[in-house]
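Numbering (this note's numbering), first residue to last: 1485 to 1757. All C-beta atoms, glycine included, are put in the ideal place defined by N, C-alpha and C. These figures come from a predicted structure and were not determined experimentally. Heads up: the structure comes next, in structure tokens.
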């Protein structure tokens, strides 16, 4: 696992470049804000989050999985499955955990205050998938480490999951669209941009749907799947209702301060002001 940082960075950078080129060649929606300002802020947030995460957590997901394996922690360390099956089940179980974490961040008011930073973006493109408040990133890592301690997945399974999660987030936040037939088929295998875009719609019933990042099965299984937005996907409003006229949503400082504004303390998940 010595090459884990290189693998993760290569996936991130390669995915970002591919999606950026795709968006430049065939953008699905027109931008409401300055793309340059948004990209500087959203990518700046990635750098800040990485620095803070490494400072707070000396060991992150893959390294912690190796520690769990060495100490026999977690469910999969108690079972005698073939290695390939353990890896496969571990990736699926971790994906399910991320689904429920996402649901939690929408329905617990304290967590929602943080997660609003992700949803306040007035546009929807590859960098939206990177736009998370630093405190949410820290909480997410804590939840992930807890899941690893309980499940005991092999380190290689965690690496696969992390790489796929990173790539999927870049892909399904892309300002792109697939042919209708291809999208309909792929939605049974992965979360597509057209599927996840609904989750970023301004209507609260759509915001509280399509929580999956990698696998689309959990939304179908737990009743949170929405097949089609109520309005035309090219023209539907993206973001949160109370910030539709707020141009500062694209600035880094605004994102960092957003959860702490007094007016947002009155905001309850699922109940727009």
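| task | For residue 1646, count neighbouring Cβ atoms within 10 angstroms of its own Cβ and tell me buried if that reaches 16, exposed if not. | result | When all chains shown are included, residue 1646 counts as buried.
| request: Report the partner residues of residue 1722 according to the DSSP bridge assignment. | output: Per the DSSP secondary-structure output, residue 1722 pairs in a beta bridge with 1685.
| task | With residue 1650 as the anchor, note down where its alpha helix (DSSP H) starts and where it stops. | result | It spans 1639-1656 - the alpha helix (DSSP H) in which residue 1650 sits, taken as one unbroken run.
| said: Could you compute how far the alpha carbon of residue 1537 sits from the alpha carbon of residue 1589? | reply: Distance between the alpha carbons of residue 1537 and residue 1589 is about 19 Å.
| By how many angstroms is the C-alpha of residue 1732 removed from the C-alpha of residue 1525? | Between residue 1525 and residue 1732, the C-alpha separation is close to 11 Å.
| message | Our contact map puts residue 1651 next to residue 1499 with C-beta atoms below 8 Å; I'd like the distance itself, whole angstroms only. | response | About 5 Å separates the two Cβ atoms, so the contact holds.
| query | Out of curiosity, what's the CA-to-CA distance linking residue 1575 and residue 1653? | reply | Within the model, the alpha-carbon separation for residue 1575 versus residue 1653 is close to 16 Å.
| query | residue 1477 and residue 1700 look like a contact to me (Cβ under 8 Å); what is the Cβ gap, rounded to whole Å? | reply | Because the chain in this structure spans residues 1485 to 1757, residue 1477 falls outside the shown range and cannot be described.
| query | Quick one: Cα of residue 1507 to Cα of residue 1610, how far? | reply | Rounded to whole angstroms, the separation of the alpha carbons of residue 1610 and residue 1507 is 8 Å.
| field | Beta carbon of residue 1695 nearer than 8 Å to that of residue 1587 | value | Their beta carbons are under 8 Å apart, which means residue 1695 touches residue 1587 by this criterion.
| Proximal residues to residue 1691 (C-beta, below 7 Å), its chain only, five neighbours per side dropped | Hits under 7 Å: 1603, 1683 and 1685.
| Does the separation of the CB atoms of residue 1680 and residue 1698 fall below 8 Å? | It is not a contact, given that the beta carbons lie outside the stated cut-off.
| query | Are three or more beta carbon pairs between the segment 1543-1560 and the segment 1626-1641 nearer than 8 Å? | reply | The segment 1543-1560, when compared against the segment 1626-1641, does touch it at the 8 Å Cβ threshold.
| request: Over the uninterrupted alpha helix (DSSP H) stretch that includes residue 1703, give me the two end residues. | output: Unbroken alpha helix (DSSP H) run through residue 1703: 1701-1706.
| So the alpha helix (DSSP H) residue 1624 belongs to, where does it begin and stop? | For residue 1624, the uninterrupted alpha helix (DSSP H) segment begins and ends at 1618-1635.
| message | Which of the three DSSP states is assigned to residue 1755 in this structure? | response | Confidence at residue 1755 is low in this model, with a pLDDT of 43, below 50, so its placement is unreliable and the value that follows should be read with caution. In the displayed model, residue 1755 falls within a strand according to three-state DSSP.
| query | What residue from 1705, 1729 and 1687 has the CA that sits closest to residue 1713's CA? | reply | Nearest C-alpha to residue 1713 among 1705, 1729 and 1687: 1687.
| So, is residue 1723 buried or exposed, given that buried needs 16 or more other C-beta atoms within 10 angstroms? | Burial of residue 1723 is indicated by the presence of at least 16 other C-beta atoms within 10 angstroms of its C-beta.
| query | Would residue 1522 pass as a contact of residue 1734 if the rule is Cβ separation under 8 Å? | reply | At the C-beta level, residue 1522 and residue 1734 come within 8 Å of one another.
| Would you call residue 1560 buried or exposed, if buried means 16 or more other Cβ atoms sit within 10 Å of its Cβ? | Flag for residue 1560 reads buried.
| For residue 1666 versus residue 1678, is the C-beta distance shorter than 8 Å? | No, they are not a contact pair.
| Between 1659, 1648, 1673 and 1743, which lies nearest to residue 1494 when the distance is taken from Cα to Cα? | The shortest Cα separation from residue 1494 among 1659, 1648, 1673 and 1743 belongs to 1648.
| said: Suppose contacts are defined by Cβ-Cβ distances below 8 Å. Is residue 1598 in contact with residue 1736 by that definition? | reply: No; because the gap between Cβ atoms is not below 8 Å, this pair is not in contact.
| request: May I have the straight-line CA-CA distance separating residue 1430 from residue 1514, to the nearest angstrom? | output: As displayed, the chain neither begins before 1485 nor continues past 1757, which places residue 1430 out of reach and without an answer.
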